[in-house]
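Colleague: Count the sequence shown with the working numbering and you get residues -16 to 277, in order.
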Amino acid sequence: MKIRRILLLLTILSGVLGAKADGLFQYPIVPDSISTLTGRCDYQARHFWDFCDLKKVFSSRARVADEFRGYLEILQLATPDSAVAAVEAFTKRLEKQPNDLLFLAEIAEAELYSDTAKVWADELYIPFAQAVVNNKKVQKPYKARFRQQAEVLSNSLPGRKIPSIPYTRPDGSQGDVATDSARVVLLYINDPDCSACRLARVRLTGDVNTRQLIDEGVLKIVAITPADPDEKWRGEVEGYPKEWSVGASPDIDMTLDLRGDMPVFYILDKNGKIRFKHLDIDQVLDIMRQLKKR
């Protein structure tokens, strides 16, 4: 984070935000009656661009990009509802500026969504992607990328019901993650050739709490490989535990968010709702331990 943006957050706290943003536009001043950092960030999220002439400011795109990254940091400190509402209002102001909207959406993509982003902020990124999709003047190839991102992220948000994800079992029969039920379903998306996946599988198999939860009918593990259900794959998964549901689903990445390294873990509740996503194996085993205590 640049020093200028650190100072920006400090000024939000101190209430001295009337200065101009690198001479581009004036920041709004947060009322003294708002005393908490979250409250002040909520106010800034809603009013950050109030004094900015969006029709002229993009003549200096590099400076706008720097201000926009600072804005994203403020949004992440605001309450989720305020942040999303602020993004929707801001992108609406850019409806007639499709190139500028796309420019900022691509920065949001890099900062909030990409594999190299410092933080993934899915609920915050979706309205940026959706604004591109909804803009009639943005070219179709760009829309297609943002549409796919928005759909996959929306499918994968905690609290949402897992979408239909068909898979093929080693015996050729068909299954669907959406119909796999138990009090807790651990969706383990893996590549049999991946060393981290093999280690996670060994740890899951050897974990006492996990085994007992399966034996008690509390837990079901669904192990899905993003691959074709061919003979090679059948040979690779032959040694998977028999009590697991094992399947191949080559297009799962078109439905569910699989960013990051394999394996990818999701935990679903008895109603098929996503409770946790993108856990690591240590977090998964800790949840198994907590479940066993109940």
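Glycine included, C-beta positions come from ideal geometry on N, C-alpha and C.
1) Have a look at residue 95 and residue 187 and give me their C-alpha separation to the nearest angstrom.
2) If you count every other CB in all the chains shown that lies within 10 Å of the CB of residue 324, and 16 or more means buried, which is it?
3) Note down the Cα distance separating residue 254 from residue 158, rounded to an integer number of angstroms.
4) Give me the Cα-Cα distance between residue 233 and residue 176, rounded to the nearest whole angstrom.
5) Kindly provide the ranges of any beta strand (DSSP E) runs that are 3 or more residues long and lie completely inside the segment 173 to 261, ordered along the chain.
6) Closest by CA to residue 22, which one among 60, 131, 182, 71?
7) Reducing DSSP to helix, strand and coil, say where residue 121 ends up.
8) Locate the alpha helix (DSSP H) running through residue 81, then write down its first and last residues.
9) Residue 178 to residue 205, Cα distance in whole Å?
10) Is the CB-CB distance between residue 168 and residue 106 below 8 angstroms?
11) Can you list, in chain order, the stretches of the alpha helix (DSSP H) that have 4 or more residues and sit fully within the segment 121 to 159?
12) Terminal residues of the continuous alpha helix (DSSP H) containing residue 37?
13) Can you name, in chain order, every residue of its own chain whose Cβ lies under 8 angstroms from the Cβ of residue 165, other than the five neighbours on each side?
14) Express the C-alpha separation of residue 114 and residue 72 in angstroms, rounding to a whole number.
15) Closest to residue 223 by C-alpha separation, out of 129, 251, 184, would be which residue?
16) Closest by CA to residue 275, which one among 196, 249, 235, 149?
17) Given that a residue counts as buried once 16 or more other Cβ atoms are within 10 Å of its Cβ, and exposed if not, what is residue 231?
18) Consult DSSP for residue 96 and reduce its assignment to one of helix, strand or coil.
19) Note down the Cα distance separating residue 127 from residue 116, rounded to an integer number of angstroms.
20) According to DSSP, residue 169 sits in a beta bridge with which residue or residues?
21) What is the DSSP secondary structure of residue 11, counted as helix, strand or coil?
22) Whose C-alpha, out of 140, 69, 144, is nearest the C-alpha of residue 111?
23) So residue 75 is in the alpha helix (DSSP H); what residue range does that whole segment cover?
24) With a cut-off of 8 angstroms, does the C-beta of residue 118 fall near any C-beta of chain C?
25) Evaluate the contact criterion for the segment 75 to 90 versus the segment 41 to 60: three or more CB pairs, one atom per stretch, below 8 angstroms.
26) Tell me the residue span of the alpha helix (DSSP H) that contains residue 21.
Modeller: According to the structure data:
1) A straight-line Cα-Cα distance of about 31 angstroms links residue 95 and residue 187.
2) Outside the shown range of the chain, which is -16 to 277, sits residue 324, and nothing can be said about it.
3) Those two C-alpha atoms are separated by around 17 angstroms.
4) Residue 233 and residue 176: Cα-Cα distance of roughly 15 angstroms.
5) Counting whole runs of 3 or more residues, the segment 173 to 261 contains the beta strand (DSSP E) stretches 202 to 208, 228 to 231, 247 to 252.
6) With distances taken between Cα atoms, residue 22 lies closest to 60.
7) Coil.
8) Segment 81 to 91, the alpha helix (DSSP H) holding residue 81.
9) Rounded to whole angstroms, the separation of the alpha carbons of residue 205 and residue 178 is 19 angstroms.
10) No.
11) The segment 121 to 159 contains these whole alpha helix (DSSP H) runs: 123 to 138.
12) Where residue 37 is concerned, there is no enclosing alpha helix (DSSP H), given that its DSSP letter is neither H nor E.
13) These residues qualify, in order along the chain: 200, 201, 202, 203, 253.
14) The C-alpha of residue 72 lies about 10 angstroms from the C-alpha of residue 114.
15) The residue with the shortest Cα to Cα distance from residue 223 is 184.
16) When the alpha-carbon of residue 275 is set against those of 196, 249, 235, 149, the nearest one is in 196.
17) Residue environment analysis places residue 231 among the buried positions, since at least 16 neighbouring C-beta atoms fall within 10 angstroms of its C-beta.
18) Here residue 96 sits in helix by DSSP.
19) Roughly 8 angstroms between the two C-alpha positions.
20) Looking at the DSSP output, residue 169 sits in a beta bridge with 204, 250.
21) Coil at residue 11, not helix or strand.
22) If we check each option's Cα against that of residue 111, 69 comes out closest.
23) 63 to 76 is the extent of the alpha helix (DSSP H) around residue 75.
24) Looking for chain C here will not work: only one protein chain is present.
25) Counting Cβ pairs under 8 angstroms, three or more are found: they touch.
26) Residue 21: member of the alpha helix (DSSP H) spanning 20 to 30, first to last residue.
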